[in-house]
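The working numbering puts the first residue of the sequence shown at 635, with every later residue one more than the last. The beta-carbon is built from N, C-alpha and C at its ideal position, and this holds for glycine as well. Worksheet: the structure to be examined is printed underneath.
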Amino acid sequence: MSRFVHAYKYRHVFGQAAKKEHGYDNVKVSGSAWDTNIVSASGRYISVNWNASGAVPNFSHKLPDVIPLARSHAAPILDTDWSPHNDSIVASGGEDGKVMIWKVESSALEDLGQDHWVLEDFDPVAIGQVFFHPTASNVLTSASSERIVKFWNLADTDCPRSVLTGHSDTIQCLAFNPTGTLIATTCRDKKLRLFDPRAGGEAVRITDAHGGIKGARVVWMGDLDKIATTGFSKMSDRQVSIWEAGGLGSVKTITIDQFAGVVMPFWSDNGILFLGGIECVCYSKSNSDGNIQYYEYESGSLFALAEHKSPDPQGNLVSDCEISRACKVSGSSVEPIAFIMPRKTDSFQSDIYPAVASSESSLSASESVFNGGQSTFMPSAPAPAPTHAPAPTAFSAPPPVTKATPVLSRSELAPVPRPASPVVLTPPTQVDDEGKTTVSEAEVNRLNSELCAAREKIRNMELQVAQALMEA
């Protein structure tokens, strides 16, 4: 065995349940048996599959017995998804075969039913999953019991703009890659499929996934070009597997436990995979664990970090080093859970908050999945006529200087600092007896001292900016 313990960056992250007054009580959760998420959230709102033909608006703490519901569905709601580009836009799919888009206005909850668009299939079939496109605006994906996936342009909802086929049984889960150019699905036929949504039709890659007959879930692992799936083995053990997106080759499979509930995977951009048991929404406490496990992914392996244990079935606070937040459905309540990194909070901890996807859409519907099956995104403006490019020339970089880094000086009299072109400083040299060129030791020491001073100034400026942001 190795003498050294793997250096987990998030080894000491722990889950902390919110106080009761920060949650929602008296929630009437839907009893539908469809394998989808009961609760979903945006940066401003939380949606719950209500035990009625509607959805729940925003209330604080305990909900009244009678509340205004968005009652445009004629059957129970099976899934909801919030737009990644607008925290007030949510899509819902129900057993009545309809997909509806809602714009939630906090000032007029009673008029929610009037502000929506209806997307109807040709046949009344149940809509199991709905997902917004991660990068293109006004693009919605729906999966139905017809065993197909449809793409809709919300500006023109007369017919689906693209259809994915080839599933031989019920579609259990679907997920986009970060750019929206690929989509992965799991199916009851125990297959993992990869589709190009711009081309439509059959899957471009298919492989055998988990061998169990129970539900499987899929999630993309950010920009790592890998896919994580959860499911069951032939012996009914709960598993999590990592796949290469290029060829759908299995990288790693881990057996979790032998509970009966479906495992729901959630990926965080800081490299943590959260696994929540479907027991979080069961109604019999004796048949649930209510726990959330999380793993750190590095170098092709999953390293177990910790487990948030709960006796009940089941926007980050930067100043408290909160790296993620989950909403857990527990019987008749919705409980927020914060995952916190135990660090000092006197300054901004930039190393635990990586860059994440922007809420601004980068493409329109016509530029993404509806561009005639192109393999790359098409620009909004027509491309210029092709011209012959000049012959490439080799780039000649300046020779490196030993133990010296160029330092740029800025005039203190300038009113506004402007970016300057890089300047390469060539220190004085001398020729030794053998004819070799060397740098004087005094000059090297001077440049090193200037470099240390510059780094100290940069560090102080970063701390000042972080402190100003926290005070604001």
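Asked	Found
Give me the residue from 880, 812 and 776 with the minimum Cα distance to residue 827.	880
Sort out for me which residues DSSP pairs residue 764 with in a bridge.	776
Grouping DSSP H, G and I as helix and E and B as strand, with all else coil, what is residue 1098?	helix
Locate the beta strand (DSSP E) running through residue 842, then write down its first and last residues.	839 to 842
Decide yes or no for the touch test of the segment 876 to 891 against the segment 899 to 906: beta carbon pairs closer than 8 Å, at least 3 of them.	no
For residue 925, is the classification buried or exposed, using 16 other Cβ atoms within 10 angstroms of its Cβ as the cut-off for buried?	buried
What residues in its chain sit with their C-beta under 7 Å from that of residue 856, if we drop five residues either side in the sequence?	812, 901 and 903
Classify residue 873 as buried or exposed, calling it buried when 16 or more other Cβ atoms lie within 10 Å of its own Cβ.	buried
How is residue 822 classed by DSSP in three states: helix, strand or coil?	coil
Please classify residue 1030 as buried or exposed, where buried requires at least 16 neighbouring CB atoms within 10 angstroms.	Summary for residue 1030: the model assigns pLDDT 40, below 50, so the residue's position carries little reliability, and this model does not support an answer.
Nearest-angstrom Cα distance between residue 958 and residue 972?	6 Å
Assuming the contact rule is C-beta atoms closer than 8 Å, residue 725 and residue 798 should be a hit. Round their C-beta distance to whole Å, please.	At roughly 18 Å, the Cβ-Cβ gap does not stay under 8 Å, so residue 725 and residue 798 are not in contact.
Give me the Cα-Cα distance between residue 846 and residue 807, rounded to the nearest whole angstrom.	15 Å
Which value, in whole angstroms, describes the spacing of the CA atoms of residue 1090 and residue 1076?	22 Å
Taking the CB atoms as reference points, tell me whether residue 832 and residue 776 lie closer together than 9 Å.	no
Would you call residue 1053 buried or exposed, if buried means 16 or more other Cβ atoms sit within 10 Å of its Cβ?	For residue 1053, the predicted model reports a pLDDT of 40, less than 50, meaning its position is unreliable; a value from the coordinates is still stated below. So residue 1053 ends up on the exposed side.
Measure the C-alpha to C-alpha separation of residue 931 and residue 960 and round it to an integer number of angstroms.	19 Å
Out of curiosity, what's the CA-to-CA distance linking residue 891 and residue 871?	6 Å
Expressed to the nearest angstrom, what Euclidean distance is found between the alpha-carbon atoms of residue 804 and residue 885?	26 Å
Establish whether the CB of residue 1076 and some CB of chain D are separated by less than 9 Å.	Protein chain content of the structure displayed is limited to a single chain, and chain D is not contained in it.
Between the Cα of residue 772 and the Cα atoms of 814, 1088, 731 and 782, which residue gives the shortest distance?	814
Could you compute how far the alpha carbon of residue 854 sits from the alpha carbon of residue 809?	7 Å
For residue 849 and residue 1094, what's the separation of their Cα atoms in angstroms?	52 Å
Closest by CA to residue 975, which one among 943, 939, 968 and 969?	939
Would you list the residues sitting across from residue 807 in a DSSP beta bridge?	820
For residue 1082, count neighbouring C-beta atoms within 10 Å of its own C-beta (all shown protein chains included) and say buried if the count is 16 or more, exposed if not.	exposed
CB residue 962 to CB residue 910, shorter than 9 Å?	yes
Smallest Cα separation from residue 929: which of 889, 801 and 868?	889
If I measure Cβ to Cβ from residue 782 and keep anything under 6 Å in the same chain, skipping five residues before and after, which residues do I get?	797 and 799
Taking 9 Å as the threshold (C-beta atoms), are residue 852 and residue 818 in contact?	yes
Sort out for me which residues DSSP pairs residue 960 with in a bridge.	971
Would DSSP call residue 1080 helix, strand or coil?	helix
In angstroms, rounded to a whole number, what distance separates the CA positions of residue 786 and residue 837?	19 Å
What residues in its chain sit with their C-beta under 8 Å from that of residue 936, if we drop five residues either side in the sequence?	874, 876, 886, 888, 907, 929 and 930
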